[in-house]
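Chains as they are written, first to last, in our numbering: chain A, 9 to 471; chain B, 307 to 570; chain C, 372 to 544. The beta-carbon is built from N, C-alpha and C at its ideal position, and this holds for glycine as well.
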Amino acid sequence: MVAVTFDPTDTSHRAQSRRRSVISRPGPTPRPRVVDVVTILAGLGFGVCIGLAVTAESWKQLGSPGGVATFLGNLTGLAGTYLALIMVLLVSRVPLVERVLGQDGLLAWHRRLAPWPITLIVAHAVLLTYAFAEVARTGVWHEVGALIRSYPNMLTATIALAVMVAIAIVSIRSIRSRLRRETWWAIHLFMYLALALAFAHEIALGPSFVGHPLTKLVWSVAWALTAGVVLVYRFGLPLLRTFRHRLEVVEIRPEGPDTVSVICRGRHLERLAFAGGQFFEWRFLTRGMWWQAHPFSLSARPRPPFLRLTVKGIGDYSSAVARLRPGTRVAVEGPYGAFTTYARRCSKVALIAGGIGVTAVRSLLEDLPRDCDPIVILRASTSEELVLSSEVAELVRHRKGRVHELVGPRSEVRIDRLSELVPDIRFRDVYVSGPEGFVKRVVAIVLRLGVSQDSVHFEVYSL
Amino acid sequence: MIAWYASDLAGVIIHAEPVMGTMVSFQVDQGSCTAREAAAAVASACARLHELDAIFSTFKPDSPVSQFRAGQLRVDDVPREMALVLGLCEEARELSLGWFDPWAMPGGFDPTGLVKGWATEQALTVLRTAGIETAVVNGGGDVAVLGRPPDARAWRIGIRHPWKPEALACVLEVDCAVATSGSYERGPHLINPRNGAMLSCIASATVVGSSLALCDALATALVVAGDEGPELARSLTGYEAYLIQADGKEGATEGIAFASGEVA
Amino acid sequence: MNHRDRWSRGPAAPKVVRRLRRAPAVVAASAAGFAGVLALHTGSRPSILGVSGPSTVRVDTSTTTTDPRHAPPPTAPPAAAATSALGNNEQYGYGVLAVRITVRAGRITNVSVANLQTAEQYSQSLAQQVIPVLRHEVLSAQSAHINGISGATYTSEAYASSVQSALDRLGTK
């Protein structure tokens, strides 16, 4: 039993920490302008790529055999590869961007964009092969072999394409759902290799690059920078954090049926900048679990040297979490997430949590200032499932707000009572966290009640 | 520099002679001559080419043609070869309906469009006089042939593709002479990149006939004629033409003999 | 299990219309990038049609030079041995290209690109088709059993890159 409590009614820690000046750092302020600038630059780059493709050809070229296919092949190659670069940057977890859009937001964009680069790149290969075959007046399949043999770096480029296509196939929903997440993930990581392999043929053969050292330089620098960003922010920073903080599990505390809190201790946690509502990707370094990383929110602000996450258990993984032994080391990536008080546009908030979604709400509450009058709605099927409710109540009381607990089977409790419970909802930022269905429904209602889209923030969990 | 290329096949001499700013290739079948005689024949033909180069080179300021251009030499005083060429030029100008006009060239009379073909013909004549019965002489794209190839009915001459340097547009059967002119070797391309104007809308013109000199001149005329090339081609008698337009369309006169067999 | 859903169906679950308020700016930026490239493009790139300019030629030093009057008699062909001649380094649009032609019993049996360097001394960019065309068409010329090539006058330098040169060099008929 570790002598730490995250219960806000316990003021001893606050006194303690004031004495020792050990307060956890608040999260850095996100700067939305950064994302505006970044997206504009991305658009600019895309326009440049199209321009490069168009200026690489001439009108006469289009008239000669295979000309149109060559032009389109070059265009799709440039556009597809540029979009692939954007895809990599989207998941490279650059803090400046992640703070504004959230890791989940970035992943959503990554998934949304995904079909485009792969389609364009496959089209690029098909079109150019066809074009070359046209000109050489030979069969397309024969031309494939000729291309690979005759040109430098085409063999690696073809391997890269094969890898990309394999990853795309594996990501098709019906196939992906049959795989373990970690298997899919491991396959997906090969995309880095594929992009690296394909790079050489781009500058060696692309008509925009051959004989144009400046363009070649810019392209190379762009890819080098991307690689650097990935190395630093995707791999380097998480590793640094893990080694700096050396988290280990010190206690498992039951909170309710199927729910436990995991208390971890680490070094230098006062240097960890954290905003309430954020999450980490957790990798518990013990047998059977080390190769999986799962996202969990902290269920309270860190209290150096401790921090807490609360996990609800259904299934193998979470039962394994409940059985974690003290002393287990933890590797973390994060903190991630834009579900924070920084996302606020109004001064007042409404926090709506379903089931275990209360964890993010609980930690977010600590960041809200005194007397800000938050309205919190906690929803659960049974009252035992309302974990952390006493902590939430205390925090809300401290801030002169109100808590509403909605308990009961889904059909009995009508969340449509929302407009009654939060009459001034249009003047509040609304934070919704919980299972997917819950969040969908609530957000739909909230929007219908007239809350503007920019004021709705959500975090989706899955059971 | 004179270079001999070793031949894999017995009885065939292959030689390439740089002269007149281009390379003249010889493929000479010994036939009934000895190897020494055949080689000597080729050497004489080359020597003749150099002689003609000395007369007709517009790059040499003291050559007869340069002097003639500058007005320093009168028509009556020109060497015999040049008189022949002048006559041929007139014939060519008539035949080409004025599209081949050496007198209208900037800088003065310039028979270059005809001389190469004529000189190549002369080289072939030297070979024939020396007793050679089967030969192909290629003067930088103008081909004169003698006799029949051993394994076929007629000589097969490939016409160079205007846009693909190593490719063939077609293969023609030739039993006398064939010349090709085109706008692709001079500039890099058909369109003047500065002003977008087309240099010629005929990318390549090939003329087959009995006199290589006239074939040469007519091929040039057809390229220069541009839009009216096809009409000019139709008006020719005794000469067949094959045209490739800048947009890739091909056309030929009725008597042109395309070789059968695979040309990819 | 509670965790952020990485498998959620569709974009971030709820049917919030994606706040694409940045979209107009992105589109405008794309147009600006496109226009910028078009403007900066010097326009001196010639149309990518076909032949490059006169190519640089490395004279084949393996050829013997002899006085024609004392030419040695041509020898009988070696029995079906394969010889291969490395063509000159040709400056095609994409680079310095060396072609290797293999001959067996007097027939060109293979043409392969021996060396393609992507160095910077390119003159113009050429249609990428040149190289596969080179291989395929030279073979076609051979299989077409041609005796010669007629084309617009080539300079002595450009001769070496022509099929005529390949035919001459290897003594094929």
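Is the beta carbon of Leu-128(A) closer than 8 angstroms to that of Thr-84(A)?
Within the first sequence, residue 84(A) is the residue found at index 76, counting from 1. Within the first sequence, residue 128(A) is the residue found at index 120, counting from 1. Yes, they are a contact pair.
Under 8 angstroms, with one C-beta from each stretch per pair, do the region 410-424 of chain B and the region 513-530 of chain B reach the 3-pair mark?
They touch, by the three-pair rule.
Let's test the definition: count the other Cβ atoms within 10 Å of the Cβ of Lys-224(A) and tell me whether it reaches 16, buried, or not, exposed.
Here residue 224(A) refers to the residue found at position 216 of the first sequence. The residue is buried, with at least 16 neighbouring Cβ atoms inside 10 Å.
Please list, in chain order, the chain A residues whose beta carbon lies closer than 8 angstroms to that of Ser-401(C).
Counting from 1 along the third sequence, the entry for residue 401(C) is found at position 30. Within chain A, the residues near Ser-401(C) are Gly-51, Leu-52, Phe-54, Gly-55 and Ile-58.
Just the C-alpha distance for Gly-458(A) and Val-400(A), rounded to the nearest angstrom, thanks.
In the first sequence, the residue the question calls residue 458(A) occupies position 450. In the first sequence, the residue the question calls residue 400(A) occupies position 392. When rounded, the distance between both Cα atoms is 27 angstroms.
Examine chain C for any beta-carbon lying closer than 8 angstroms to the beta-carbon of Thr-294(A), and answer yes or no.
Indexing the first sequence from 1 puts residue 294(A) at position 286. False, the Cβ-Cβ gap to chain C never drops below 8 angstroms.
Nearest to Gly-342(A) by alpha carbon, out of Leu-280(A), Ser-326(A) and Leu-332(A)?
Taking the first residue of the first sequence as 1, we reach residue 342(A) at position 334. With distances taken between Cα atoms, Gly-342(A) lies closest to Leu-280(A).
Can you name the start and end residues of the alpha helix (DSSP H) that Pro-246(A) belongs to?
Reading the first sequence from its first residue, position 238 is the one you call residue 246(A). Note, Pro-246(A): alpha helix (DSSP H), 245-253.
Rounded to whole angstroms, what is the Cα-Cα separation between Pro-468(B) and Val-391(B)?
For the purposes of this step, residue 468(B) is taken as the residue at position 162 of the second sequence. For the purposes of this step, residue 391(B) is taken as the residue at position 85 of the second sequence. Distance from the CA of Pro-468(B) to the CA of Val-391(B), rounded to the nearest whole angstrom, comes to 29 angstroms.
Given a threshold of 16 other Cβ atoms within 10 Å of its Cβ, counted over all protein chains shown, does Tyr-469(A) qualify as buried or as exposed?
Start at 1 with the first residue of the first sequence, and residue 469(A) comes out as number 461. Flag for Tyr-469(A) reads buried.
Beta-carbon spacing of Ile-361(B), Ser-350(B) below 8 angstroms:
If you number the second sequence from 1, residue 361(B) lands on position 55. If you number the second sequence from 1, residue 350(B) lands on position 44. The criterion of a C-beta distance shorter than 8 angstroms is not satisfied by Ile-361(B) and Ser-350(B).
Which residues in the same chain as His-465(A) place their Cβ atom closer than 6 angstroms to its Cβ, once the five residues preceding and following it in sequence are excluded?
Here the question's residue 465(A) lines up with position 457 in the first sequence. Correct list, in chain order: Phe-347, Ala-351 and Tyr-439.
Return the Cβ separation of Thr-336(A) and Glu-256(A) in integer angstroms, given the expectation that the two are a contact with Cβ distance under 8 angstroms.
Position 328 of the first sequence, counted from the first residue, corresponds to residue 336(A). Position 248 of the first sequence, counted from the first residue, corresponds to residue 256(A). Thr-336(A) to Glu-256(A), Cβ: 6 angstroms. Contact.
What is the DSSP secondary structure of Trp-405(B), counted as helix, strand or coil?
Residue 405(B) sits at position 99 when you count from the first residue of the second sequence. If DSSP states are grouped into helix, strand and coil, Trp-405(B) belongs with coil.
Using 8 angstroms as the limit for Cβ to Cβ distance, is Gly-416(A) near chain C?
Along the first sequence, read from residue 1 onward, the residue named residue 416(A) stands at position 408. So no, Gly-416(A) is outside the interface.
How many angstroms separate the CA atom of Asp-414(B) from the CA atom of Gln-373(B)?
Position 108 of the second sequence, counted from the start, is the residue given in the question as residue 414(B). Position 67 of the second sequence, counted from the start, is the residue given in the question as residue 373(B). Rather than Asp, the amino acid found at residue 414(B) in this sequence is Gly. A direct Cα-Cα distance of roughly 10 angstroms separates Gly-414(B) from Gln-373(B).
Quick one, which of Ile-463(B), Asp-448(B) and Val-432(B) has its alpha-carbon nearest Phe-564(B)'s?
The count along the second sequence starts at 1 and reaches residue 564(B) at position 258. Comparing Cα positions, the closest option is Ile-463(B).
Who does Lys-320(A) pair with in a DSSP beta bridge?
For this step, residue 320(A) is matched to residue 312 along the first sequence. Lys-320(A) is bridged to Thr-267(A).
Could you give the uninterrupted runs of the alpha helix (DSSP H) lying entirely in the region 371-406 of chain B, keeping only those of 4 residues or more?
The qualifying runs are 386-401.
I want to see whether chain C comes within less than 8 angstroms of Asp-495(A), judged by CB atoms only; does it?
Lying before the first or after the last residue shown, residue 495(A) is absent from chain A, which here runs from 9 to 471.
Can you check DSSP and say which residues form a bridge with Glu-479(B)?
Sequence index remark: in the second sequence, residue 479(B) carries index 173 (1-based). Answer is Arg-462(B).
N-terminal and C-terminal residue of the alpha helix (DSSP H) that Ile-211(A) is part of:
The sequence position of residue 211(A) within the first sequence is 203, counting from 1. Counting along the chain, Ile-211(A) sits inside the alpha helix (DSSP H) bounded by residues 189-213.
Looking at C-beta atoms only, is the number of pairs between the region 382-390 of chain A and the region 351-362 of chain A that lie closer than 8 angstroms three or more?
Between the region 382-390 of chain A and the region 351-362 of chain A there are three or more inter-stretch CB-CB distances shorter than 8 angstroms, so the stretches are counted as touching.
When we look at the beta-carbon of Val-450(A) and count the other beta-carbons within 10 Å, is it buried (16 or more) or exposed?
In the first sequence, counting from the first residue as 1, residue 450(A) sits at position 442. Answer is buried; the Cβ neighbour count reaches 16.
What's the C-alpha gap between Ala-558(B) and Leu-518(B)?
The residue you call residue 558(B) lines up with position 252 of the second sequence. The residue you call residue 518(B) lines up with position 212 of the second sequence. Rounded to whole angstroms, the gap between the alpha carbons of Ala-558(B) and Leu-518(B) is 18 angstroms.
Beta-carbon neighbours of Ala-523(C), restricted to chain A and to distances below 7 angstroms:
Position 152 of the third sequence, counting from 1, holds the residue named residue 523(C). Going along chain A, no residue has its Cβ under 7 angstroms from Ala-523(C), so there is no contact; the nearest lies around 18 angstroms.
Report the CB separation of Val-237(A) from Ser-460(A) in whole angstroms; it is logged as a contact under 8 angstroms.
Locating residue 237(A) in the first sequence gives position 229, counting from the first residue. Locating residue 460(A) in the first sequence gives position 452, counting from the first residue. That pair is no contact at about 33 angstroms.
Separation of Ser-363(B) from Ser-338(B), as counted between CA atoms
Here residue 338(B) refers to the residue found at position 32 of the second sequence. Here residue 363(B) refers to the residue found at position 57 of the second sequence. For Ser-338(B) and Ser-363(B), the distance between alpha carbons rounds to 35 angstroms.
Proximity below 8 angstroms, CB of Leu-277(A) to CB of Leu-315(A)
For the purposes of this step, residue 277(A) is identified with residue 269 of the first sequence, where counting begins at 1. For the purposes of this step, residue 315(A) is identified with residue 307 of the first sequence, where counting begins at 1. Contact flag set, yes.
Within a Cβ cutoff of 6 angstroms, which residues of the same chain sit near Gly-453(B), ignoring the five residues on either side of it in sequence?
Sequence index remark: in the second sequence, residue 453(B) carries index 147 (1-based). Same-chain partners within the cutoff: Glu-439 and Thr-440.
Determine the extent of the beta strand (DSSP E) in which Asn-82(A) is found, giving its start and end residues.
Translated into positions along the first sequence, residue 82(A) becomes position 74. According to the DSSP assignment, Asn-82(A) belongs to no beta strand (DSSP E) but to the alpha helix (DSSP H) extending over 75-98.
Taking the C-alpha atoms as reference points, what is the distance between Leu-52(A) and Ala-230(A)?
Counting from one through the first sequence, the residue named residue 52(A) turns up at place 44. Counting from one through the first sequence, the residue named residue 230(A) turns up at place 222. Spanning the two alpha carbons is a distance of roughly 13 angstroms.
Does the Cβ-Cβ distance between Val-480(B) and Val-513(B) come in under 8 angstroms?
Working through the second sequence from its first residue, we reach residue 480(B) at position 174. Working through the second sequence from its first residue, we reach residue 513(B) at position 207. No. Outside cutoff.
In this structure, how does DSSP classify Ala-447(C) when only helix, strand and coil are distinguished?
Walking along the third sequence from the start, residue 447(C) turns up at place 76. Legend: pLDDT at Ala-447(C) = 34, less than 50; position of this residue unreliable, value from coordinates given subsequently. Taken through DSSP and simplified to helix, strand or coil, Ala-447(C) comes out as coil.
In the DSSP assignment, the alpha helix (DSSP H) including Leu-423(B) goes from what residue to what residue?
Indexing the second sequence from 1 puts residue 423(B) at position 117. A small fix is needed here, since residue 423(B) is Gly in this sequence, not Leu. Residues 418-435.
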